[in-house]
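Only one structure is covered here, and it is reproduced in the block below.
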Amino acid sequence: MKRLIILSASILLFTKLSFPQTENAFIKIDSLLMGENYKTAITELNLVIANDSANIKAYLKLGQAYQENYQNNKAISVLQKASQKDSSLVIQLLLAKSYYNLGFNDKAEKIYSTVYRQDSTNKSVAINLARIYQDKHKYKPAMEIYNTLLKDDSADTFINKQFAFCLMKLDSLELSLKFYQRSLDLNPEDVSSAVQMATICSKLGRQDSAIQFVDYGLSYFPDDPGFNKIKAEILFKKDDYKQAITYYEKVIQLGDSTYPVYQNLGYSYFFYAGQDSNFKVSADYLKDKNAAYANAISAFEKSYRLGNENYYLCYYAAQAADKINELNKAIFFYNEVIRLTVPTFIDKIYKMLGLNYQVKGRYEESIEAYKKSLFYEPNNFEAMWTIGMLYSEMLKDKDKAIKFYENYLKDMGDKKNDMRFLVEARLKELRK
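Residues 2 to 433 in the working numbering are what the sequence shown spells out, letter by letter.
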């Protein structure tokens, strides 16, 4: 009995002593978290949990500390343990945040959507759920959430901007412009809204308005590669190739030397060179035009070397080379156009087309298709043989069959091979 009394007294004394110690530890931990000293806070919190594994408050703060320290895997592990002890809303939302941070959008969406259904007035939950919808390109439900939020707070810059973005993605361009304008009015320094408005105006064909919005952005960030590139693209659409060249070259100087930029710079030089009004009639007239074509070729070549095997680019590069008598480059790029536009298996395509015409009894069309197959693959014995057979057997015209084989041998020249032997044998048979 005496031992029991002593034990009970000890437990009571420990509880009285440990409670203020834990509270003092939390005061220290809160100070560490406020000072963003997450590493030390994590250590202190793990000590609290080691002494009191049922302390939900410690688990919550530890999960938050791991999140702020970009250790979301550990945050999830801690918060999952906490949720087994207490499935409170706070724990679920912290879990959702870590899931989102790690890209587990489905898991985060499940939590946020459940909470949102229970309480659609929770602005933080609504915005996080809408962001997940946007990440998944589900713009309609995201737009509906932002629309609901705007009814409570129409002066929120962020919500107006995100609502406008969703409308733009849903092709409601006029309405999107309205809400981007509202966002810009609420925060005139948010130049990204102005740039989005420029993009929309450009899509709507309002290039002058688009230029004005881009210039607004450039007035804040004159050396931003993105803003300069958008302006270059709009100027190109306006057929102002001289100014487009200036901005594309600036974009390259600012560090964006990707193949689309070089490609568009090449197009700008090419079309600029083709506008006679850009050049004064003088002794240097032809020289200036040729210099523009040479610059076009240079830009096209850089784009091509960066991996842009685009047959349009190759065609215009060949055309530019033609203009200034750079025949080797013209030949190279014309060959590239052919390589990029004509499938390597085109002979098989024509052969199968010929077979289908043959089965349908359309023999004249079948012969033409087989001839094209033979043009791309002269050693195609099946096509050669079938053409002669169609003339002699189906069209009952041995003379045409003989003439076809004679021309085939003529085209072969002095080559001695199996094809020549087979054709000669077939001719001998037809001439009997």
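Idealized CB from N, CA, C, for every residue including glycine.
In the three-state DSSP reduction, residue 103 falls in the coil class, being neither helix nor strand.
Pairing residue 331 with residue 263, the inter-Cα distance amounts to about 19 Å. Annotation for residue 73: 99, 102 and 103 place their beta carbon closer than 6 Å to its own, counting only its chain and skipping 5 residues before and after. Collapsing the DSSP output to three states places residue 379 in coil. Classified as exposed, residue 339 has fewer than 16 neighbouring CB atoms from the shown chains inside 10 Å of its CB. For the set 87, 424 and 397, the Cα lying nearest the Cα of residue 385 is the one of 424. Minimum Cα-Cα distance from residue 153 among the listed residues 122, 131, 159 and 126 corresponds to 122. Burial state of residue 156 is exposed, judged by a 10 Å Cβ sphere holding fewer than 16 other Cβ atoms.
In this structure, the alpha-carbon of residue 417 lies about 55 Å from that of residue 276.
When C-alpha distances from residue 221 are compared across 370, 65, 349 and 189, the shortest belongs to 189. Contiguous alpha helix (DSSP H) elements confined to the stretch 117-170 occur at 124-136, 140-153 and 158-170, taking only those with 4 or more residues.
Under the three-state reduction of DSSP output, residue 227 falls in the helix class. The C-beta of residue 258 has fewer than 16 other C-beta atoms within 10 Å across all chains shown, which makes the residue exposed.
With contact defined as three or more Cβ pairs closer than 8 Å, the stretch 319-326 and the stretch 340-355 are not in contact. When the beta-carbon positions are compared, residue 44 and residue 33 stay at least 7 Å from each other. Counting only runs of at least 3 residues, the stretch 182-246 fully encloses no beta strand (DSSP E) element at all.
Apart from sequence neighbours up to five positions away, the residues of its chain that approach residue 195 with a beta-carbon distance below 7 Å are 185, 214, 217 and 218, ordered along the chain. Rounded to the nearest angstrom, the gap between the Cα atoms of residue 388 and residue 433 is 19 Å.
Following the DSSP letters along the chain, one finds residue 285 in no alpha helix (DSSP H), marked with neither H nor E.
Taking residue 174 as the centre and dropping the five residues before and after it, the same chain places the C-beta of 201, 204 and 205 closer than 7 Å to its C-beta, in chain order. Spanning the alpha carbons of residue 52 and residue 88 requires a straight line of approximately 22 Å. Across the structure, residue 398 and residue 270 are spaced so that their CA atoms are roughly 57 Å apart. The Cβ-Cβ distance between residue 290 and residue 274 falls below 7 Å. Judged by DSSP in its simplified three-state form, residue 261 adopts helix. Around residue 192, the same chain offers 217, 218, 221 and 222 as residues with beta carbons nearer than 7 Å, after the five sequence neighbours per side are excluded. Inclusion of residue 77 and residue 84 in the CB contact set at 7 Å is not warranted, their separation being larger than that value.
The distance from the Cβ of residue 26 to that of residue 49 is about 5 Å, consistent with a contact at the 8 Å cut-off. Counting only the Cα atoms, residue 105 lies some 26 Å from residue 46. Residue 233 counts as buried, since at least 16 other C-beta atoms from the protein chains shown sit within 10 angstroms of its C-beta.
Cα atoms of residue 345 and residue 260: separation of roughly 26 Å, rounded to the nearest angstrom. When secondary structure is reduced to three states using DSSP, residue 343 falls in the coil class, being assigned neither helix nor strand. Rounded to the nearest whole angstrom, the CA to CA distance from residue 303 to residue 411 is 44 Å. Sixteen is the threshold: since fewer than 16 other Cβ atoms of the shown chains lie within 10 Å of the Cβ of residue 422, the residue is exposed. Listed in chain order, the non-local C-beta contacts of residue 355 below 6 Å within the same chain comprise 367, 370 and 371, local neighbours out to five positions each way being set aside. Residue 327 and residue 358 have their C-alpha atoms some 44 Å from each other.
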